[in-house]
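Asker: Numbering (our numbering), first residue to last: 7 to 554.
Even for Gly, the Cβ is constructed at its ideal location relative to N, Cα and C.
#1: State the CB to CB distance for the pair residue 383 and residue 470, rounded to an integer number of angstroms; the pair is presumed to be in contact (CB under 8 Å).
#2: Over what stretch of residues does the alpha helix (DSSP H) that includes residue 149 continue unbroken?
#3: Kindly confirm or deny that the stretch 371 to 383 and the stretch 417 to 430 touch, where touching means at least three C-beta pairs closer than 8 Å.
#4: Within the continuous alpha helix (DSSP H) that includes residue 456, where are the two ends?
#5: So the beta strand (DSSP E) residue 213 belongs to, where does it begin and stop?
#6: Where do the ends of the beta strand (DSSP E) carrying residue 136 lie?
#7: Using alpha carbons as the reference points, say which of 514, 302, 288, 72 lies closest to residue 366.
#8: What does the alpha-carbon distance come out to for the pair residue 43 and residue 60?
#9: Considering just the uninterrupted stretch of the alpha helix (DSSP H) at residue 398, what are its terminal residues?
#10: Among 211, 186, 278, 140, which has the Cα closest to the Cα of residue 168?
#11: With 16 other CB atoms within 10 Å as the buried threshold, where does residue 196 fall?
#12: Can you find the residues in the same chain that come closer than 8 Å, C-beta to C-beta, to residue 451, ignoring five residues on each side of it along the sequence?
#13: Is the stretch 230 to 237 touching the stretch 287 to 303 in the sense that three or more CB pairs, one from each, lie closer than 8 Å?
#14: Is the beta carbon of residue 173 sitting closer than 8 Å to the one on residue 182?
#15: Please classify residue 538: does DSSP put it in a helix, a strand, or coil?
#16: Measuring straight from C-alpha to C-alpha, what distance separates residue 341 and residue 175?
#17: Who are the near neighbours of residue 127 in its chain, counting only those whose CB is closer than 7 Å to its CB and skipping five residues on each side?
#18: Specify the secondary structure class of residue 477 as computed by DSSP and reduced to three states.
#19: Could you give the residue range of the alpha helix (DSSP H) that holds residue 279?
#20: Could you say which of 164, 72, 453, 85 lies nearest to residue 57 if we only look at CA atoms?
#21: Give the secondary structure of residue 227 by DSSP, where H, G and I count as helix, E and B as strand, and everything else as coil.
#22: Do you know how far the Cα of residue 536 is from the Cα of residue 118?
#23: Mapping the DSSP letters down to three states, classify residue 124 as helix, strand or coil.
#24: Which class does residue 484 belong to by DSSP, given the choice of helix, strand or coil?
#25: Touching or not, the stretch 143 to 152 and the stretch 278 to 296, by the rule of three or more beta carbon pairs under 8 Å?
#26: With 16 other CB atoms within 10 Å as the buried threshold, where does residue 81 fall?
#27: Three-state secondary structure (DSSP) at residue 265?
#28: Identify, in the order they occur along the chain, each residue of the same chain with its Cβ nearer than 7 Å to the Cβ of residue 245, setting aside the five sequence neighbours on each side.
#29: Let me check understanding here. Comparing Cα to Cα, which of 510, 273, 348, 83 lies closest to residue 475?
#30: At the level of alpha carbons, what is the spacing between residue 135 and residue 208?
#31: Can you tell me where the alpha helix (DSSP H) with residue 377 in it begins and where it stops?
#32: Looking only at DSSP bridge pairs, what is residue 366 linked to?
#33: Just to confirm, does residue 351 get its C-beta within under 7 Å of one of the non-hydrogen atoms of the ligand SAM?
#34: To the nearest angstrom, how far is it from the Cα of residue 534 to the Cα of residue 339?
#35: Could you please give me the residues that DSSP links to residue 310 through a beta bridge?
#36: Work out the CA separation of residue 466 and residue 347 for me, nearest whole Å.
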């Protein structure tokens with residue numbers, strides 16, 4: 007049977023017409039076409055995302071435009087099915103937001119990796135470096151061609167007359183010459199002191215400034231128009247002069263080399279689940295930014311690659327030595343000294359008006375002497391000082407609130423309703439005796455004052471809180487001392503430092519607790535054991551700006 011079936015098949019095949027084979031061929035072609043369509047559909051489906059999630063990336067203003075273009079053109083699938091919105095923000099600003107825990111971006115590209123360590127100290131969530139550098143640019147001295155400096159070192163560059171350094175407490179570019187000058191002499195123990203001395207006149211100029219120094223393109227245009235020397239990046243000079251050639255600037259560095267901006271990619275989303283997902287997106291972003299197309303775009307904007315190799319077209323300052331500190335503590339010391347010299351006082355004074363402030367102190371009361379101290383300090387400090395005034399005692403602000411604002415923080419030369427801020431401070435200080443009563447609401451008031459100053463932080467000032475009290479916390483409904491110290495430690499932000507200076511009035515004050523409160527914020531604590539010393543202690547505390 008099997009053989010018969012086999013023999014009968016032959017004649018049937020031989021008898022099929024050409025039309026039959028044409029139909030079969032058409033069927034095969036149709037099948038192949040269908041397969042192609044299916045494969046193309048699968049590929050198309052693979053290029054799409056069922057869901058695209060939005061993420062934020064805060065980048066230094068110099069690199070944000072290039073990143074916005076690159077990531078805006080990237081496929082969502084290449085970004086891990088994410089839409090990454092790029093915004094420009096200074097490194098100091100973002101470091102501050104991370105400390106608050108609100109307004110923090112998912113991803114961050116600061117100008118320098120130095121910001122990452124500072125931010126991680128007090129960030130509300132994890133701060134994770136995904137890529138150490140997506141691009142780089144050396145810091146240079148920008149000037150007109152005819153004014154190009156020939157500084158042998160960065161220490162000498164810092165001594166150039168009227169050099170435009172910028173604010174080293176806000177940008178890595180302004181920190182770079184200080185970093186480089188310290189790196190040049192890090193083998194010499196005397197060198198750090200020499201660098202700090204060179205910063206004194208620059209810090210004093212910053213202290214006298216009434217408006218922020220121009221930055222970026224505005225700063226470089228000022229150099230073109232008015233001459234002088236400004237600290238900038240090679241990238242900013244190249245991008246500024248790119249185009250029709252109408253704007254020309256020279257970029258130079260000392261023969262010792264320069265400090266490089268390295269633009270790391272950092273994951274900063276504070277919530278754990280969001281942070282994990284942002285990490286996956288960061289890996290995808292790093293891959294995109296490491297691709298040839300992205301590198302080409304960054305090069306067009308004047309950036310070098312992560313290795314610091316000079317631009318292939320020969321522009322810029324060429325191949326130079328990278329200057330960096332082995333130990334950054336001298337830089338932090340120098341920046342701390344800068345802050346003390348350059349920044350005016352900005353403080354919120356909180357005066358205890360609890361019932362014990364009526365206690366006699368000689369022929370007067372503790373409150374009388376405290377008000378005299380406040381008035382003396384108010385009279386002697388310059389108009390550049392900004393100050394505000396609170397009074398505090400249990401329930402003074404109504405309900406559970408232990409504090410009352412008498413004067414908001416303003417510069418002394420601000421005029422409100424015909425009175426200067428200095429006059430308003432004196433006027434309201436003279437009225438606090440009428441508020442005396444109740445227990446001491448120390449802890450809630452201290453935290454509220456700290457947060458108020460931090461929320462309104464001025465990067466061009468030393469921001470502080472000064473607490474004057476003669477007792478210990480007496481509000482049973484307030485946070486505890488342990489809670490206060492823990493919150494202060496957690497919310498302290500190196501990008502927006504606020505110090506708390508405490509002044510205990512007589513031995514009745516809880517000196518140990520006041521010292522703990524000041525210590526956790528880097529401030530100082532004083533006790534005026536003799537009420538007659540209150541004025542002297544207050545003035546010295548204000549002038550010291552929190553230095554221990």
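Answerer: Checking against the coordinates, here is how it stands:
#1: That belief does not hold up - the Cβ atoms of residue 383 and residue 470 are roughly 13 Å apart, past 8 Å.
#2: Residue 149 -> not in any alpha helix (DSSP H); beta strand (DSSP E) instead, spanning 143 to 149.
#3: With a cut-off of 8 Å, the stretch 417 to 430 and the stretch 371 to 383 do not count as touching, because too few Cβ pairs lie within range.
#4: 448 to 461
#5: Run containing residue 213: none in the beta strand (DSSP E); it sits in the alpha helix (DSSP H), 197 to 214.
#6: First-last of the beta strand (DSSP E) with residue 136: 134 to 137.
#7: 514
#8: Low local confidence applies: a pLDDT of 36 at residue 43 is under 50, so the model's placement there is unreliable, with the coordinate-based value given in what follows. Rounded to the nearest angstrom, the two C-alpha atoms are 32 Å apart.
#9: Run containing residue 398: none in the alpha helix (DSSP H); it sits in the beta strand (DSSP E), 392 to 398.
#10: For residue 168, the nearest C-alpha among the options comes from 211.
#11: exposed
#12: 356, 396, 398, 408, 409, 473
#13: no
#14: no
#15: helix
#16: 7 Å
#17: 500
#18: coil
#19: 278 to 295
#20: 85
#21: helix
#22: 50 Å
#23: helix
#24: Residue state, collapsed to three classes: coil.
#25: no
#26: exposed
#27: coil
#28: Once the five neighbours on either side are set aside, the close Cβ partners of residue 245 are 307, 308.
#29: 510
#30: The alpha-carbon of residue 135 is positioned some 33 Å away from that of residue 208.
#31: It spans 372 to 386 - the alpha helix (DSSP H) in which residue 377 sits, taken as one unbroken run.
#32: 371
#33: This structure lacks the ligand SAM; in fact it carries no ligand of any kind.
#34: Straight-line Cα distance between these residues: approximately 30 Å.
#35: 142
#36: 11 Å
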